[in-house]
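Written out below as structure tokens is the structure these notes cover.
Number of protein chains: 2
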Amino acid sequence: MRIKNYYKNLPHKTIERLSQYRRALFICLDNGKTHIFSHEIAQIQHITPVQVRRDLMLIEYSGTLRKGYNIQDLIDVISDIIDDKDGIKAAIIGMGNLGRAVLKYVRGKRNKLEIVAGFDSNPEKIGKTFEGIKCYSVEDLEDEIKKQNIKLGILSVPGDKAKDTTQHLVNAGIKGILNYSPKPVNVPDGVYLEEYDMITTLEKVAFYIKMNEEMEKEASKKDNPEKGKGR
Amino acid sequence: MRIKNYYKNLPHKTIERLSQYRRALFICLDNGKTHIFSHEIAQIQHITPVQVRRDLMLIEYSGTLRKGYNIQDLIDVISDIIDDKDGIKAAIIGMGNLGRAVLKYVRGKRNKLEIVAGFDSNPEKIGKTFEGIKCYSVEDLEDEIKKQNIKLGILSVPGDKAKDTTQHLVNAGIKGILNYSPKPVNVPDGVYLEEYDMITTLEKVAFYIKMNEEMEKEASKKDNPEKGKGR
DNA sequence: TTTTACCTGTTATTTTATTAACAAAAATTT
DNA sequence: AAATTTTTGTTAATAAAATAACAGGTAAAA
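Okay, here's the thing in structure tokens:
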């Protein structure tokens, strides 16, 4: 029997992958597929089939031997776990390029996450509508968050505004913050925080490019005297 | 003695944190500080002081007892490891909101990563300049990448263009790709790929908000009969 | 009908990452 | 000058994540 709330012990990485699986599954569904093998999901996500099966084992979803997983069923099971059944309302704070990019990303995705408001300090943006979302003044931040029962704050303000804005969000009783700004912020216990910094990943890629090049250079140095038998 | 190329075995997570430390250190330096303790770095990054010290141990950097780490020195050591000394040239493919957001993020950061070109398919954008970076037609992608010796491609195109664009980047001999687009892409061996999907993190935050709420609800159910001795 | 190939589900093992524990050394206090 | 505090650097222990190994069952092929 499925233990009640078993999913509360799912590894963080599994949660992330479930979200990714679901998006891949939607695409497959749109392409007319009804079933999918673990190795197919794995290939899309650049992971191993075992990992896929292990994740699905953890959420106690079973496929059919030699037929794979029923895509629609699996989507439903994943959604049951990761979505709030009443939906979660989110706001974007900072309607610059980044904020608007996130808005476009999220719009039309088939999940229970609903962006209901944007905030900015720029008078030219206040009152305007982006992708169907109204942009309020940051001055109204606390009021609107409370009024509309917004639980998730997407922080896409410049670094120097991050700290203050976070404080306002916390004051308003926000439940989770996704910080896209370049500066880490602090939140009290009970507020879930995820820092999502674009520069780190960029510098990481640059590092591994550099490292690969250096390793190639060394390999060719070593190979040449021996007339390069390696590949 | 520092073993040559010791840093090639650094854990991936350490590489990520080094990038983060460095940015935090720049800010501290700007604020007039000269030294910093491990617990101070830790607090900024929401990690433990042990982890900071362990990372610095791995890069064989030593601080001064009871004085902490010399900020400028540490910045230099980290830079020595993660930066390519000749710099790495990067291009942004897709000059929509996301691409321009990344551009703004990176501009003026004191690292050896240089964004030298943008690409887009929209005729209105081609030939224009964003943040000082010229936007080329995607048709010229392969040529420009080769001509300018661009090694890092930042993919910020819509999902349906991701696959084709990646192929062009690979054809042009790109060394690393950071994929911000909502669809995973495939690259051959020798090309370093990092998928950096905004939705996953967003859904993760939503999940933990939901979970925290459910746990609170349960806790209050359990607490009430006993007149709530918990805090 | 038997054999083979294929694919799932699960446990065991290995690897990677984090945290704890503590020795040593310098500044500060008593 | 002895004791205490603070902070580093390192090793040891634990936890989390990924991978390997393999049992078992089903469809297809021989």
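Heads up: the protein sequence lines correspond to chains A and B, in order.
So for the first sequence, numbering that gives the first Met the number 0 puts the first residue at 0; every next one is plus one.
So for the second sequence, numbering that gives the first Met the number 0 puts the first residue at 0; every next one is plus one.
Glycine residues also receive a C-beta, built at the ideal position from the N, C-alpha and C atoms.
Treat the numbers as computed from the prediction; the structure is a model and nothing was measured.
Count the other CB atoms, across all protein chains shown, that sit within 10 Å of the CB of A/N96; report buried if there are 16 or more and exposed otherwise. Classification of A/N96: buried, given that the 10 Å Cβ count is 16 or more.
B/Y135 to B/E193, Cα distance in whole Å? Cα to Cα, B/Y135 sits roughly 24 Å from B/E193.
To which residues does DSSP link B/I92 through a beta bridge? B/F118, B/L154
Please state whether DSSP places B/E59 in a helix, a strand or coil. coil
Below 6 Å CB to CB, which residues in the same chain sit around A/G233 once its five sequence neighbours on both sides are set aside? This structure gives no information on residue 233 of chain A, because the portion of chain A shown stretches from 0 to 230.
CB contact check: B/K226 to chain A, cutoff 9 Å: Unreliable positioning characterises B/K226 in this predicted model, as indicated by a pLDDT of 42, which lies under 50. The coordinate reading is nonetheless provided below. No, its Cβ sits nowhere closer than 9 Å to a Cβ of chain A.
Cβ contact check for the segment 40 to 50 of chain B and the segment 182 to 202 of chain A: 3 or more pairs under 8 Å: yes
How many angstroms separate the CA atom of A/A205 from the CA atom of A/L64? 43 Å
Buried versus exposed, by CB contacts within 10 Å (16 or more), A/N178: Under this definition A/N178 is a buried residue.
Please determine, among B/G158, B/E138, B/K88, B/K145, the residue with the shortest C-alpha to C-alpha distance to B/R106. B/K88
Should B/L154 and B/V115 be called a contact, given that it needs their Cβ atoms to be closer than 9 Å? no
Looking at the C-beta of A/E15, does it have a partner C-beta in chain B at a distance below 9 Å? yes
With a cut-off of 8 Å, do at least 3 Cβ pairs link the segment 60 to 79 of chain A to the segment 140 to 149 of chain A? Counting Cβ pairs under 8 Å, fewer than three are found: no touch.
So A/Y20 is in the alpha helix (DSSP H); what residue range does that whole segment cover? 11 to 29
Name, in chain order, the residues that DSSP records as bridge partners for B/I144. Among the bridge pairs identified by DSSP, B/I144 is matched with none.
Note down, in chain order, every chain A residue with its Cβ under 9 Å from the Cβ of B/D147. Just to set this straight, residue 147 of chain B is Gln in the shown sequence, not Asp. Per Cβ cutoff of 9 Å: no residues; B/Q147 is ~15 Å from chain A at best.
Counting Cβ pairs closer than 8 Å, one from the segment 13 to 30 of chain B and one from the segment 68 to 85 of chain B, do we hit at least three? With contact defined as three or more Cβ pairs closer than 8 Å, the segment 13 to 30 of chain B and the segment 68 to 85 of chain B are in contact.
Contact check, B/I173 vs B/V156, beta carbons under 9 Å: No. Outside cutoff.
To which residues of the same chain is B/H38 closer than 6 Å at the C-beta, ignoring the five residues directly before and after it? P48
Among the candidates A/V186, A/V51, A/Y68, whose CA atom is the shortest distance from the CA of A/T33? Residue A/Y68 is the option with its Cα nearest to A/T33.
Which class does B/E138 belong to by DSSP, given the choice of helix, strand or coil? helix
Taking only three categories from DSSP, how would you classify A/L192? strand
Let me confirm a value: A/A218 is counted as buried when at least 16 other C-beta atoms fall within 10 Å, else exposed. Which label applies? exposed
Given this structure, state the Cα-to-Cα distance separating A/V76 from B/P187, to the nearest angstrom. Taken atom to atom, the span from the alpha-carbon of A/V76 to that of B/P187 is near 33 Å.
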